[in-house]
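Residue numbers (the numbering used here), protein chains in the order written: chain A, 1 to 294; chain B, 295 to 638.
Step one of this worksheet: look at the structure below.
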């Protein structure tokens, strides 16, 4: 019995001709090659950045302003402070704007206007960062006559606003409709339903969206370059030229000074760690959140 | 949350709170709508501001701004022809797309077979994290690690092998030393890989299960399933993903400017230094004053860039939306999740 039942499947597998099988093998091999190819860059980049950047990390690196080119010592403390200032300002402007836009798109977004806004937000996601910089450069820097942390923050807002708007919209849409309907049926006004029920339910998700946007802002060089200009000294005045870590890394990479190369790698390692921590946390949070909502 | 539920007050009755809430609703809706419409204003302001800034250069050089090969910002002898930058931007982006798209599609197929989950799918996490790396880190790595390897190993090897082929070979001849278009293109390929992969993955995921199962039931191999079922259904989505990646590549500034070599030549060889639109804006804005047309010229370049990038973005959204709707997928936004975190 058993021997009679087995032939068909055996025939089926042998029914695939050699050529088809070879093609399939090649293809499978190609797929795995793609997988390996995609893993390599992250491994290589992370390994090199950590190996080359780690030696540059010392107390002076985090506490001192730059030494004269070629002289040992010195640090890039003004870049860390500048990044904090610029990204902090940008976040505090972009989060309310982005979250309110997200609320509008998710909660009121049925009409033609909302569809237009959604489309524009999606297109704005693709704004080249240099364009955001050039825009604020022409609009703010040239008009005010000086480069500033504030202008840098505005150029980041141009990039972060659409990101937060689109991401929060998606998160609000994940909140089950029944929750809203139930609350509305109790006679609670719409705006209270949104603020007291939808937003808290989406809680961690909003945080995730913000973290992704901050990670983006943290790593941006081009907009900062065109708007905040950089500074060798600590500056906390929003209307003065200000430094930032990615900008400092870019500048040091272009000099012929070896000690500055070392510090560029040090800055890169800090950027990499910061950005990866933010996006890994965001990922973990959003996974947990989605599991909770479903 | 239950704690925050509104207590119904039996004394006031329904009408009064309803009126109050209607005011609150109107205010809240108005506020959020205003902010959302602010996005439209932002787009208009961005385009308008750049266009006004670039108008003088366009007016002075007309079409010559796009077709001219001579870029000379020295006042008195000013000449602004952006062709070398347009050429460099298009070539590096094209290299990036050609290299990244096949790998992305392969990856997307591979990932769609592995059932996703945080730890069960480290490959997907790896690719996503690639998207998070700041562009200046790519640039630093490209300049100090990748470029020397390309100069001494990869490019000499390519010109010794592919360079001998009659027609295509012209692309791979020339002096491989120093920054060049090819190196920049490869860095860009790595940078857009996560975007294209993530979007393609969403597109591939919307292929109806029945189709896949049907193909497999007919005895199709993995490759044939892809050819018969997956590709025909996701073609326009993959094109959309490609355009999204292309748009990203066009606007990339820092990494490219560090490895592209900043040369104004236009030629067949990919091993020659090039220059891109973002790179020239980044390196010249500081000297660009309003005395001549220099500042206006740079802003005009930004206009060119943003128009191409937005057209790409709009087209890709439309294609993705169509392809997802075609397959009955629910969330069009899902395909764009990856786009949130790519650095520029």
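Where a beta carbon is used, it is the ideal one built from N, C-alpha and C, also for glycine.
Computed from a predicted structure; not experimentally measured.
Asked	Found
Cβ shell of residue 265 of chain A (< 7 Å), same chain only, five flanking positions each side left out	49, 52, 53, 56
Contact under 8 Å by Cβ, residue 163 of chain A with residue 112 of chain A	no
Residue 80 of chain A burial status per 10 Å Cβ neighbour count (16 or more: buried)	buried
Helix, strand or coil at residue 373 of chain B according to DSSP, with G and I counted as helix	strand
Distance cut-off 7 Å: residue 419 of chain B Cβ against heavy atoms of the ligand HEM	No copy of the ligand HEM occurs in the structure displayed, which carries no ligand at all.
Under 7 Å from the C-beta of residue 439 of chain B: neighbouring residues of chain A	48
8 Å Cβ cutoff met for residue 386 of chain B and residue 605 of chain B	no
For residue 241 of chain A, the three-state DSSP class (helix, strand or coil)	coil
Interface flag, residue 686 of chain B vs chain A, CB-CB below 8 Å	The structure shown has nothing for residue 686 of chain B, since chain B only spans 295 to 638.
Whole-angstrom C-beta distance between residue 82 of chain A and residue 231 of chain A, which should lie under 8 Å	7 Å
Amino acids of chain A, ordered along the chain, whose beta-carbon sits closer than 7 Å to that of residue 547 of chain B	129, 130, 222
Which of helix, strand or coil DSSP assigns to residue 274 of chain A	helix
is_contact[residue 323 of chain B, chain A] using C-beta, thresh 8 Å	yes
Contacting residues, own chain, Cβ-Cβ under 8 Å from residue 117 of chain A (five flanking each side not counted)	101, 104, 105, 109
Chain-ordered residues of the stretch 504-523 of chain B with a beta carbon less than 8 Å from chain A	513, 515, 516, 517, 518, 520
Straight-line Cα distance separating residue 18 of chain A from residue 413 of chain B	The predicted model places residue 413 of chain B with a pLDDT of 49, which falls under 50 and marks its position as unreliable; any figure quoted below should be read in that light. Whole-angstrom Cα-Cα distance: 37 Å.
CB contact check: residue 617 of chain B to chain A, cutoff 8 Å	no
Buried/exposed call for residue 615 of chain B, threshold 16 Cβ in 10 Å	buried
Residue environment, residue 581 of chain B, which counts as buried when at least 16 other CB atoms sit within 10 Å	exposed
Rounded straight-line distance, which links the Cα of residue 540 of chain B to that of residue 389 of chain B	10 Å
Residue 545 of chain B and residue 128 of chain A closer than 8 Å at C-beta	yes
Helix, strand or coil at residue 471 of chain B [DSSP, three-state]	coil
Beta-carbon proximity of residue 136 of chain A to residue 149 of chain A, cut-off 8 Å	no
Straight-line gap, residue 431 of chain B to residue 493 of chain B (C-alpha atoms, nearest Å)	24 Å
Bridge partner(s) assigned by DSSP for residue 366 of chain B	B:373
Member of B:470, B:435, B:425, B:437 whose CA lies at the smallest distance from the CA of residue 446 of chain B	B:470
Straight-line gap, residue 423 of chain B to residue 124 of chain A (C-alpha atoms, nearest Å)	22 Å
Cutoff 7 Å; reference residue 172 of chain A; Cβ partners in own chain excluding five residues on either side	102, 103, 106, 107, 198, 202
Those runs of the alpha helix (DSSP H) which lie wholly inside the stretch 519-556 of chain B and span at least 4 residues	525-545, 548-553
Delimiting residues of the alpha helix (DSSP H) encompassing residue 34 of chain A	18-53
Residues bridged to residue 66 of chain A (per DSSP)	A:74
Option nearest residue 476 of chain B by Cα separation, candidates B:556, B:403, B:399, B:534	B:556
Cβ pair residue 495 of chain B, residue 405 of chain B closer than 8 Å	yes
Interface residues of the stretch 96-114 of chain A facing chain B [CB-CB below 7 Å]	97, 100, 101, 103, 104, 105, 108
Span separating the alpha-carbon of residue 247 of chain A from that of residue 71 of chain A	21 Å
Residue 445 of chain B - containing alpha helix (DSSP H), residue span	From DSSP, residue 445 of chain B is part of no alpha helix (DSSP H); its letter is neither H nor E.
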